[in-house]
Structure formats: C-alpha cells, structure tokens
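Asker: One structure is given below, represented as structure tokens, and several questions about it will come after.
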Amino acid sequence: MYATIKKQNGPTIAEFNRTVPYPIESVWRMLTVNEQLQKWFPQLEIEQLRPEGKIRFDFGNGSYEEMTILKVSEPSSFTFTWDTNIMRFELSGTADGQADLKLSEDIVEVTPHTPRDIAGWHACLENIIAILDGYPVRPGPAENWDELYQYYENEFEILAEE
Numbered sequence: 030m031y032a033t034i035k036k037q038n039g040p041t042i043a044e045f046n047r048t049v050p051y052p053i054e055s056v057w058r059m060l061t062v063n064e065q066l067q068k069w070f071p072q073l074e075i076e077q078l079r080p081e082g083k084i085r086f087d088f089g090n091g092s093y094e095e096m097t098i099l100k101v102s103e104p105s106s107f108t109f110t111w112d113t114n115i116m117r118f119e120l121s122g123t124a125d126g127q128a129d130l131k132l133s134e135d136i137v138e139v140t141p142h143t144p145r146d147i148a149g150w151h152a153c154l155e156n157i158i159a160i161l162d163g164y165p166v167r168p169g170p171a172e173n174w175d176e177l178y179q180y181y182e183n184e185f186e187i188l189a190e191e
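Printed below as a string of structure tokens:
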C-alpha cells in the first residue's frame, strides 16, 4: 500500500497506514529499541528515547546527522525531526491484538530528493513487517526499489502541477 501524499497550506504530508499482525508492543520495540531498529534501518541509533533526546544518522563515511526527538508516548507515538521535516510514528491496538501503524512525514519543502525519502520509508515499513514475520532483510536497496522510487517521483510531479 502506497503513501497518501497531500499538498496543503503549510507542509506537504506523506502518510502510510498499515495494520501489522503483531501486538503494539512488538511494533513499538521495532521502532524504538536500537537492536531492533537497526535491523531495518542500520544507519539510525537512538541515543536518548525522550523529548529533546537525539537520534543519530550515520552516513557511513564518517559523518553524522543528529535529529531531535520531539515527543515520545510509549507505546503509541514517537515524533522526531528529519532534516527540516517532522517524522511521526503512531500506533494503536486493534480489537484482535494487532497494531495499526501510521507513519507520516511533514515535508516543509519538496525537493528532488523527497521521492527517494518516501520510497525509503515505504521499503522500511515492508522490512519491519518482514522482520516481525521472521524473514531476514538483506542490506542495500529493496528489491522493488526502482518501482517504489518511480511511483513516488511520479506522485510528486503530479502534486507539483496542481
């Protein structure tokens, strides 16, 4: 399921919604416990899981970017900066013990790199579910990377024309 992308006054919003067939606590750990987080996003490390805490992005070339955690409400929401944008993971439990996961990015300025970021988040969500299902996730781009990137590149081009 692809992200919904909405242009509005203020930031552009990219939003993913998934029902994950695992308890909310399992999904929360995938998002916030470094040992689990790094299985699906090895470049990230949470230094302090609290408001004003830091997340470090390792570019792999000796340089890093620090992002700031804005909000943590265990086990339901986790919000942090992503360059000039805001990332938000929101979880809620379902009646049958699954987790509804919403990932949204408030995009201050759409750039040529934006479709790559959104395709990356799409692949990350697929990897989270695969890991919870017990499948290994290979390093590097997703097998469907070209398709994802082209889809989001097209979506942002259409949005720019509106």
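Going left to right, the sequence shown walks through residues 30 to 191 as our numbering numbers them.
Think of the CB as a built atom: it goes at the ideal place given N, C-alpha and C, for glycine as much as any other residue.
For a test of the three-state rule: what should DSSP assign to ALA148, helix, strand or coil?
Answerer: helix
Asker: Between which residues of its own chain and VAL101 is the CB-CB distance below 7 Å, once the five residues before and five after are set aside?
Answerer: LEU78, ARG79, PRO80 and PHE107
Asker: How far does the beta strand (DSSP E) with ASP175 in it extend, from its first residue to its last?
Answerer: From DSSP, ASP175 is part of no beta strand (DSSP E) but of the alpha helix (DSSP H) over 174-190.
Asker: Evaluate the contact criterion for the region 53-73 versus the region 35-45: three or more CB pairs, one atom per stretch, below 8 Å.
Answerer: no
Asker: Exposed or buried, which one is HIS151 when buried takes at least 16 other CB atoms within 10 Å?
Answerer: In the assembly as shown, HIS151 is a buried residue. Its beta-carbon has 16 or more other beta-carbons within 10 Å.
Asker: Output the distance between the C-alpha atoms of GLY91 and ILE98, rounded to the nearest integer angstrom.
Answerer: 22 Å
Asker: Does the beta-carbon of VAL62 have 16 or more other beta-carbons within 10 angstroms, so that it is buried, or is it exposed?
Answerer: exposed
Asker: Specify the secondary structure class of LEU78 as computed by DSSP and reduced to three states.
Answerer: coil
Asker: Given a cut-off of 9 Å on the beta-carbon distance, is the pair PHE88 and PRO144 in contact?
Answerer: No.
Asker: What number of angstroms, rounded off, separates the C-alpha of GLN72 from the C-alpha of ASP129?
Answerer: 25 Å
Asker: How do the region 160-171 and the region 122-137 stand: do at least 3 beta-carbon pairs fall below 8 Å, yes or no?
Answerer: no
Asker: Please classify THR48: does DSSP put it in a helix, a strand, or coil?
Answerer: Of the three classes helix, strand and coil, the one that applies to THR48 here is strand, per DSSP.
Asker: Give a yes or no on whether the C-beta atoms belonging to ALA159 and TYR178 are separated by under 9 Å.
Answerer: No; because the gap between Cβ atoms is not below 9 Å, this pair is not in contact.
Asker: Using C-beta distances below 7 Å, list every residue in its chain close to TYR180, excluding the 5 sequence neighbours before and after it, in chain order.
Answerer: TYR31
Asker: Return the chain-ordered list of same chain residues with a C-beta closer than 7 Å to the C-beta of GLY126, the five sequence neighbours on each side being excluded.
Answerer: PRO52
Asker: Name the two residues that bound the continuous beta strand (DSSP E) containing GLU262.
Answerer: Outside the shown range of the chain (30 to 191) lies residue 262, about which nothing can therefore be said.
Asker: By how many angstroms is the C-alpha of THR48 removed from the C-alpha of ALA171?
Answerer: Those two C-alpha atoms are separated by around 21 Å.
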